[in-house]
Amino acid sequence: MHLPKEKQTLWGWAWGFHPISKVEVSLNAGLTWQDAEIESRDENSWQRFSFEWEPHVIGEFHIVIRASDREGNVQPLLGKRNQVYRSIIFVS
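The opening position of the sequence shown corresponds to residue 132 in our numbering, with each subsequent residue numbered one higher.
(1) Count the other C-beta atoms from every protein chain shown that fall within 10 angstroms of the C-beta of A167, then say buried if there are 16 or more, exposed otherwise.
(2) Alpha carbon to alpha carbon, how far is S181 from W164? Give it in angstroms, no decimals.
(3) Please name the residue in G147, E185 and V156 whose C-alpha comes closest to that of D173.
(4) On a CA-only basis, which of E183, V154, L208 and F221 is nearest W177? Give me that one, please.
(5) Which residues in the same chain have their Cβ closer than 6 Å to the Cβ of F221, if we skip the five residues on either side of it in sequence?
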């Protein structure tokens, strides 16, 4: 994916058996994490999350997004059907 070097909103949907309590975004392949905003759950619905990001440099970013539920379950980084979402974004 290619994006211009300007303010962006990364967003998506998260779901778990228990309500999602946190969604975290990493811009550097999982080295550091920042919290995304998450909307409340309505019964068993998916929960929308969003993350405001303004890249300050041109280059390649390895995005990783993980969710945690209110019971403390965290998406696994690798090896499971529900592993974290990964994407590479090129900022120009």
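By construction, the Cβ of each residue, glycine as well, lies at the ideal position given by its N, Cα and C atoms.
Well, looking at it:
(1) Buried, by the Cβ-count rule.
(2) Distance between the alpha carbons of W164 and S181 is about 14 Å.
(3) The shortest C-alpha to C-alpha distance from D173 to any of G147, E185 and V156 is the one to G147.
(4) Sorting E183, V154, L208 and F221 by C-alpha distance to the C-alpha of W177 places V154 at the top.
(5) The answer, listed in chain order, is H133 and E191.
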